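Engineer: Sharing a structure below in structure tokens format, with a few things to ask.
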Amino acid sequence: MNSKYLFKKIVQSLITLLIVLTVSFILFRAMPGDPVRMFIKEGLPPEMVKAMKKNMGLDEPWYVQYFIYIKSMLQGDFGDSFSFRKPVMDVIWYRLPNTLLLAVCAQGIAIILGILLGTIAAAFRGKKIDVTLLGMALFIYAMPAFWLGIVLLSYFGVQLGWVPLFGMETPGREYASTFAHVKDVAHHLVLPAVTFGLAITGSYTMIMRSALLDVFTEDYINTAKAKGFNRKYIIRYHALPNAMLPMVTIIAINLGFIVAGAIQTETIFSWPGVGTLTFKALGARDYPLLQGAFLITSFCVIGANFLADIVYMYIDPRIRYQ
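All letters in the sequence shown, in the order written, are residues 1 to 322 by UniProt numbering.
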């Protein structure tokens with residue numbers, strides 16, 4: 001194992017984390033509006049308003065708030081949510097599994113479709129199927145996930161009635177067994193996961209196609225052709241394993257960005273995850289909850305990037321032994 005490479009990546013991750021902590025502090029306090037005014041009635045005496053600001057920690061100068069904030073973050077204390085009146089981490093941990101469920105299912109759909117379609121497009125480069133698949137990938141890649149979700153929801157949910165329109169489970173339904181509950185959740189999960197998965201399939205398809213086309217120009221591919229191996233064998237045993245190097249990196253990095261990007265899909269389908277929680281906190285100017293959600297998703301991105309670096313070190317001997 002390359003210890004210098006590993007140490008370098010750890011330091012980079014810690015520096016990135018510190019930058020994220022600072023940006024989140026500045027960003028949410030630069031938002032217009034007074035969070036105290038969101039939760040008090042008009043006509044309250046100034047003394048009560050001042051007491052609430054002190055209770056929320058908003059009466060101190062910004063630099064004092066910053067150092068208190070950094071100290072609390074290092075101790076794992078994200079404070080209390082202004083709107084939920086509960087510890088921020090309790091609110092987030094309750095919703096995070098729902099977001100991870102959606103993100104993992106969407107990622108699985110995108111990986112399978114992206115690798116399959118990208119391989120087919122590369123294998124038939126320049127032909128109609130390649131042009132068609134590449135055009136579809138570009139169209140999906142450019143399409144906003146929000147718009148795609150509305151279109152799919154309108155057709156499959158409203159017109160055909162095949163899938164539920166919102167939520168994670170049927171409101172008021174009593175389940176006879178755990179299996180019945182899981183089945184209902186899966187039924188609600190189908191459309192959000194497919195929507196989110198399709199939104200990132202386009203990029204995976206183009207990356208896989210490009211990686212395979214690069215591999216096809218390598219000498220060992222020409223050697224395999226000269227030995228008489230058919231195209232299917234060459235793609236499966238020679239091209240695909242090497243083309244997966246950039247794909248593994250992109251997939252690992254996207255694990256974090258998918259969690260961060262779930263807000264649009266969750267909002268469209270009213271999926272009770274961190275995305276909808278962030279949207280509500282934004283409207284309520286709930287600084288602690290916004291910071292907590294922002295930091296959790298940032299941790300996912302930073303952690304996924306670090307994981308990608310570690311995986312790449314193991315699969316690429318040039319890095320492992322340099």
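Just so it is clear, CB atoms sit at the ideal spot from N, CA and C, and this is done for glycine as well. Just so you know, these numbers come straight off a predicted model, no measurement behind them.
1. Measure the C-alpha to C-alpha separation of A122 and K225 and round it to an integer number of angstroms.
2. Report yes if the C-beta distance between L152 and L191 is below 8 Å; otherwise report no.
3. Classify Y220 as buried or exposed, calling it buried when 16 or more other Cβ atoms lie within 10 Å of its own Cβ.
4. Give the list of continuous alpha helix (DSSP H) stretches no shorter than 4 residues that lie fully inside the stretch 131 to 212.
5. Looking only at C-alpha atoms, which of Q291, T22, Y63 and P144 sits nearest to I268?
6. Where does P87 sit, in a helix, a strand or coil, going by DSSP?
7. What separation, rounded to the nearest whole angstrom, lies between the Cα atoms of H238 and Q65?
8. Looking only at its chain, what residues have a beta carbon closer than 7 Å to the beta carbon of A103, apart from the 5 residues adjacent to it on each side?
9. Three or more beta-carbon pairs under 8 Å between the stretch 204 to 211 and the stretch 158 to 175, yes or no?
10. Look up D80 in the DSSP assignment and give the residues it is bridged to.
11. Let's test the definition: count the other Cβ atoms within 10 Å of the Cβ of V11 and tell me whether it reaches 16, buried, or not, exposed.
12. Is N230 helix, strand or coil when you go by DSSP?
13. To the nearest whole angstrom, what separates the beta carbons of L148 and L198, a pair I think is in contact under 8 Å?
14. Exposed or buried, which one is L133 when buried takes at least 16 other CB atoms within 10 Å?
15. Below 7 Å, is the gap between the Cβ of I221 and the nearest heavy atom of the ligand NAP?
16. For S3, count the other beta carbons within 10 Å of its own beta carbon; 16 or more makes it buried, fewer makes it exposed. Which is it?
17. Of the residues F216, I296, K227 and K128, which one's Cα is nearest the Cα of N242?
18. Go ahead and pull the three-state DSSP assignment for Q107.
19. Taking the alpha carbon of V88 as the reference point, which residue from N305, L277 and T119 has its own alpha carbon closest?
20. Counting beta carbon pairs with one atom in the stretch 108 to 127 and one in the stretch 182 to 189, are three or more of them shorter than 8 Å?
21. So G292 and I92 are in contact, right, with Cβ under 8 Å, and what is the actual spacing, rounded?
22. Determine the contact status of T297 and T195, defining contact as a CB-CB distance below 8 Å.
23. Is the beta carbon of S203 closer than 8 Å to that of Y141?
24. DSSP on T217, reduced to helix/strand/coil?
25. Starting from I68, trace the alpha helix (DSSP H) both ways and give me its first and last residue.
26. Helix or strand or just coil, what does DSSP make of G303?
27. In its own chain, which residues sit with a C-beta less than 8 Å from the C-beta of K71, not counting the 5 before and 5 after it?
Structural biologist: Judging by the given coordinates:
1. Approximately 16 Å between the Cα atoms of the pair.
2. Yes.
3. Flag for Y220 reads exposed.
4. Complete alpha helix (DSSP H) runs here, min 4: 145 to 152.
5. Nearest to I268 by alpha-carbon distance, out of Q291, T22, Y63 and P144, is P144.
6. Note: P87 maps to strand in three-state DSSP.
7. Answer to the nearest angstrom: the Cα atoms are 57 Å apart.
8. Closer than 7 Å at Cβ, skipping near neighbours: I258, V259 and A262.
9. When Cβ pairs closer than 8 Å are counted between the two stretches, the stretch 204 to 211 is seen not to touch the stretch 158 to 175, the count staying below three.
10. D80 is bridged to P87.
11. Exposed, by the Cβ-count rule.
12. Three-state result, N230: coil.
13. With 8 Å as the limit, L148 and L198 qualify as a contact, their Cβ atoms being about 6 Å apart.
14. Label assigned to L133: buried.
15. Ligands in the displayed structure: none, and consequently the ligand NAP is not present.
16. Exposed is the call here.
17. It is F216 whose Cα lies nearest to the Cα of N242.
18. Looking at Q107 - three-state DSSP - the assignment turns out to be helix.
19. Nearest option by C-alpha distance: L277.
20. Contact between the stretch 182 to 189 and the stretch 108 to 127 is absent, because fewer than three Cβ pairs lie under 8 Å.
21. With a Cβ gap of about 5 Å, G292 and I92 count as contacting.
22. No, Cβ-Cβ distance for T297 and T195 is not below 8 Å.
23. Contact: yes.
24. Coil, per DSSP.
25. Going by DSSP, I68 is part of the alpha helix (DSSP H) stretching over W62 to L74.
26. Three-state result, G303: helix.
27. Around K71: no qualifying Cβ.
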